[in-house]
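To start, the structure itself, in structure tokens.
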Amino acid sequence: MTLAPETIVAVLDFFGVFTSAVAATVLAKRQQLDIFGAVMIAFVASIGGGTTRDLLLNRHPLFWLKDLNYAWTITLTSLFTQVFYHQFERLDKPFRWFDALALATFTVIGIEVGQMRGASAPVAVLMGVITAVMGGILRDIVCRQVPLLLRKEIYLTAAMVGGVFYFVLLHAGVSLWVRDLLTLLLVLVIRGFAIVYNWNLPDIAIRRKP
Amino acid sequence: MTLAPETIVAVLDFFGVFTSAVAATVLAKRQQLDIFGAVMIAFVASIGGGTTRDLLLNRHPLFWLKDLNYAWTITLTSLFTQVFYHQFERLDKPFRWFDALALATFTVIGIEVGQMRGASAPVAVLMGVITAVMGGILRDIVCRQVPLLLRKEIYLTAAMVGGVFYFVLLHAGVSLWVRDLLTLLLVLVIRGFAIVYNWNLPDIAIRRKP
Amino acid sequence: MTLAPETIVAVLDFFGVFTSAVAATVLAKRQQLDIFGAVMIAFVASIGGGTTRDLLLNRHPLFWLKDLNYAWTITLTSLFTQVFYHQFERLDKPFRWFDALALATFTVIGIEVGQMRGASAPVAVLMGVITAVMGGILRDIVCRQVPLLLRKEIYLTAAMVGGVFYFVLLHAGVSLWVRDLLTLLLVLVIRGFAIVYNWNLPDIAIRRKP
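Protein chains in written order, with the numbering used here: chain A, 93 to 302; chain B, 93 to 302; chain C, 93 to 302.
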């Protein structure tokens with residue numbers, strides 16, 4: 093079975109948009125934003141990374157202007173999450189896991205878009221990282237949260253390692269959808285371990301002599 | 093009498109730029125920014141929304157790079173507001189009303205620009221909202237204010253309702269400048285009521301059973 | 093000796109990228125970001141101003157996507173600064189001076205890019221200011237610092253005065269690399285005096301009568 097890259101990206105994209113719209117709405121409700129404020133935060137989080145990537149790559153028209161399904165998916169997901177907010181909250185802190193799913197998905201999408209634009213491997217990895225983290229960074233800035241990035245967790249690093257892994261698989265001749273899936277799983281596993289075990293990167297600074 | 097859409101947009105635009113430059117300068121002075129810091133905040137607030145919209149729509153050259161009147165209007169308005177800052181302050185908290193006027197004006201401009209670019213109704217409404225709120229959001233982020241958006245006031249919602257109303261008028265066959273004016277007034281009235289009566293949107297979450 | 097504008101811009105650019113990557117990494121370490129978080133802040137600070145400028149001018153492909161030397165310079169500079177962080181810290185608060193060097197360099201680059209795109213003098217000065225200050229502003233926003241801009245120091249003003257000075261030199265017939273160098277020095281001197289003597293701009297508001 094062969095799937096067109098466009099199909100895989102489209103499926104992953106809607107999944108990532110859905111999970112990050114849920115995560116963003118939960119955050120917005122915690123910050124007591126009103127209905128449409130929360131919808132807007134869901135927009136920022138869900139399409140902020142891809143939009144940043146496409147503006148940097150000069151890729152127009154933007155995906156969510158071309159395809160209104162994004163806008164409807166985000167709006168309905170956010171409204172639904174708001175209605176059942178107290179029910180969702182009961183689940184054991186799902187926010188971080190939805191966020192982790194969006195991180196993994198958007199990493200793969202960013203790399204694929206970079207590939208489709210003929211970018212070199214480092215630029216494609218960078219696009220994966222930007223797509224993965226910019227939505228969350230913008231969301232946190234607008235919501236005045238301490239950005240996830242500043243909390244010393246393996247977040248951006250997970251996306252970056254995933255990106256490098258993708259190109260290792262590519263050079264090993266692994267087929268498209270397998271490497272997409274494996275990359276997604278690797279990012280999710282790294283980020284998941286970081287969440288569960290509070291993983292941090294070591295400090296690389298050479299200490300002063302006492 | 094028929095006015096070209098471009099003329100109406102141009103007149104509204106300078107009005108919106110003027111009011112938001114005043115509002116931004118008042119905020120910047122409260123935050124004790126220096127002369128040119130305040131001018132820059134006035135730039136960010138006055139052209140931030142339109143610039144975001146045009147970058148998203150890939151509409152180049154940007155209006156304020158093509159037409160230097162924007163830069164001069166903002167600079168002179170901001171300097172003038174700074175010189176007479178203590179005199180302005182005496183007026184009964186005009187900041188929010190200038191901000192409301194800019195909100196209403198930029199909503200209409202954003203929709204018109206969307207229309208001119210052949211955008212569908214939902215995208216045009218979205219462009220109205222983005223043009224209306226992004227300048228204020230960017231201003232608040234740079235000034236480290238709690239964004240208006242987070243203060244649970246009817247702000248973004250006013251722009252959105254105005255946008256939907258615009259397309260109702262369009263389908264009812266109302267002529268251009270009448271629907272521009274009515275949309276502007278509706279946004280202003282909604283936002284005005286929200287300011288005066290502290291209107292908030294209701295929480296749509298289903299409560300947990302006790 | 094005549095140097096092509098492109099050569100001068102390229103040399104200045106790498107110098108500015110280097111100094112602002114060092115400054116950003118020092119800030120990121122103070123904020124206790126992890127390794128790749130600090131690298132990312134170095135990216136934001138070093139190419140944020142130029143990227144904003146190029147997006148506004150619709151200048152594609154972006155310089156750092158076309159030329160991977162930027163990415164490698166920033167990454168290696170940031171890692172190097174992190175490894176020797178405690179050694180650097182011993183030096184007498186170099187952070188502000190590295191930042192001042194980047195400010196001066198990026199002002200000149202922004203003006204030159206504006207000139208190359210055929211921008212009018214005011215737009216070219218604006219591009220100089222944007223290139224000079226946006227990287228630092230974005231860096232401070234992501235790091236949740238009080239933006240330098242808000243600290244009432246001669247920062248943006250130094251870039252602006254430098255920009256005006258550049259066009260004075262241009263009209264006086266001063267050759268390219270001399271006016272680049274003199275503009276760079278003027279910005280550095282103004283900013284340097286502001287750092288050393290705590291220069292501030294006067295308040296231009298007319299006082300109320302008591």
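Just so you know, even glycine gets a beta-carbon here, dropped at the ideal spot from N, CA and C.
Closer than 7 Å: is that where the CB of residue i sits relative to any heavy atom of the ligand HEM?
i: F155 (chain A); result: No copy of the ligand HEM appears in this structure; indeed no ligand is present at all.
Can you tell me which of the options puts its alpha carbon nearest to the alpha carbon of residue i?
i: R145 (chain B); options: B:V114, B:A224, B:S112, B:K158; result: B:A224
i: L149 (chain A); options: C:G142, C:L148, C:L149, C:L157; result: C:L157
i: L160 (chain A); options: B:A216, B:A297, B:G142, B:Q174; result: B:A216
i: Q123 (chain B); options: B:G227, B:Y177, B:F106, B:G141; result: B:Y177
i: T117 (chain B); options: B:G108, B:F107, B:F106, B:F135; result: B:F135
i: G255 (chain A); options: A:I127, A:S212, A:P153, A:A102; result: A:S212
i: P239 (chain C); options: B:E245, B:F257, B:D126, B:F110; result: B:D126
i: F128 (chain A); options: B:V103, B:P186, B:V200, B:Y247; result: B:Y247
i: A286 (chain C); options: C:T249, C:C235, C:T275; result: C:T249
i: A297 (chain B); options: A:L147, A:V175, A:L104; result: A:V175
i: V288 (chain C); options: C:Y162, C:L273, C:E245; result: C:E245
Using only the alpha-carbon positions, how far apart do residue i and residue j sit?
i: G220 (chain B); j: A251 (chain B); result: 7 Å
i: R271 (chain C); j: L119 (chain B); result: 37 Å
i: L188 (chain A); j: L293 (chain A); result: Per the sequence shown, residue 188 (chain A) should be read as Arg rather than Leu. Their backbone Cα atoms lie some 19 Å apart in a straight line.
i: L280 (chain B); j: L168 (chain B); result: 26 Å
i: D184 (chain C); j: F155 (chain C); result: Any reading at D184 (chain C) must be qualified, since the residue scores a pLDDT of 48, below 50, and its modelled position is unreliable; the value itself is stated next. If I take the Cα positions, the gap works out to 33 Å.
i: G202 (chain B); j: S267 (chain C); result: 44 Å
i: L171 (chain B); j: L262 (chain B); result: 40 Å
i: L277 (chain C); j: A196 (chain C); result: 7 Å
i: H152 (chain A); j: P153 (chain C); result: 13 Å
i: D295 (chain B); j: F110 (chain A); result: 22 Å
i: R283 (chain C); j: T99 (chain A); result: 53 Å
i: G265 (chain B); j: P214 (chain B); result: 18 Å
i: G108 (chain A); j: S138 (chain A); result: 7 Å
i: L218 (chain C); j: G210 (chain A); result: 33 Å
i: W291 (chain B); j: K121 (chain B); result: 28 Å
i: W164 (chain B); j: F106 (chain B); result: 11 Å
i: D232 (chain C); j: W269 (chain B); result: 43 Å
i: G228 (chain B); j: Q207 (chain B); result: 23 Å
i: F257 (chain B); j: T199 (chain B); result: 11 Å
i: I166 (chain B); j: A115 (chain B); result: 11 Å
i: V253 (chain C); j: A130 (chain A); result: 42 Å
i: M226 (chain B); j: G140 (chain B); result: 6 Å
i: V205 (chain B); j: Y162 (chain A); result: 21 Å
i: L230 (chain C); j: I133 (chain C); result: 9 Å
i: D42 (chain A); j: A192 (chain B); result: Given a span of 93 to 302 for chain A in the structure shown, any question on residue 42 (chain A) remains unanswerable.
Could you check whether the Cβ of residue i sits closer than 8 Å to any Cβ belonging to chain A?
i: N150 (chain B); result: yes
i: P186 (chain B); result: no
i: R236 (chain C); result: yes
i: L195 (chain C); result: no
i: L268 (chain B); result: no
i: L157 (chain C); result: yes
Does any residue of chain B bring its CB to less than 8 Å from the CB of residue i?
i: L154 (chain A); result: yes
i: I233 (chain A); result: yes
i: A163 (chain A); result: yes
i: L168 (chain A); result: no
i: L171 (chain C); result: no
Taking Cβ positions only, does residue i come closer than 8 Å to chain C?
i: V288 (chain A); result: no
i: V175 (chain B); result: yes
i: L160 (chain B); result: yes
i: F224 (chain A); result: The question names Phe, but residue 224 (chain A) in the sequence shown is Ala. No, because no Cβ of chain C sits closer than 8 Å to the Cβ of A224 (chain A).
i: L278 (chain A); result: no
i: I298 (chain A); result: yes
i: I229 (chain A); result: yes
i: L293 (chain A); result: yes
Does any CB atom of chain F fall closer than 8 Å to the CB of residue i?
i: L273 (chain B); result: Any reference to chain F falls outside this structure, whose protein chains are A, B and C.
Original post:
In chain order, which alpha helix (DSSP H) runs of at least 4 residues are fully inside the segment 141–180 of chain B?
Top reply: Assignment of alpha helix (DSSP H) within the segment 141–180 of chain B, counting only whole runs of 4 or more residues, yields 155–158, 161–175 in chain order.
**OP:** Scan the segment 239–293 of chain A and note each continuous alpha helix (DSSP H) run of 4 residues or more that stays entirely inside, going in chain order.
**Re:** As far as the segment 239–293 of chain A is concerned, its whole alpha helix (DSSP H) runs of at least 4 residues are 248–263, 268–289.
Subject >> Under 9 Å (Cβ pairs) to chain C, residues found in the segment 248–265 of chain B >> reply: If the cut-off is 9 Å between Cβ atoms, the segment 248–265 of chain B has nothing near chain C.
Subject >> chain A contacts made by the segment 126–149 of chain B, where a contact means CB separation under 9 Å >> reply: Flagged, chain order: L147, L148, L149.
**OP:** Using a Cβ-Cβ cut-off of less than 8 Å, give me the residues of the segment 113–124 of chain A that come near chain B, in sequence order.
**Re:** Flagged, chain order: K121, Q123, Q124.
**OP:** Within the segment 181–215 of chain B, note down every full beta strand (DSSP E) run reaching 3 residues or more, in order along the chain.
**Re:** Runs of the beta strand (DSSP E) inside the segment 181–215 of chain B: none found.
Original post:
Going along the segment 204–217 of chain A in order, which residues come within less than 9 Å of chain C, judged by CB to CB distance?
Top reply: The segment 204–217 of chain A vs chain C, Cβ under 9 Å: A211, S212, P214, V215.
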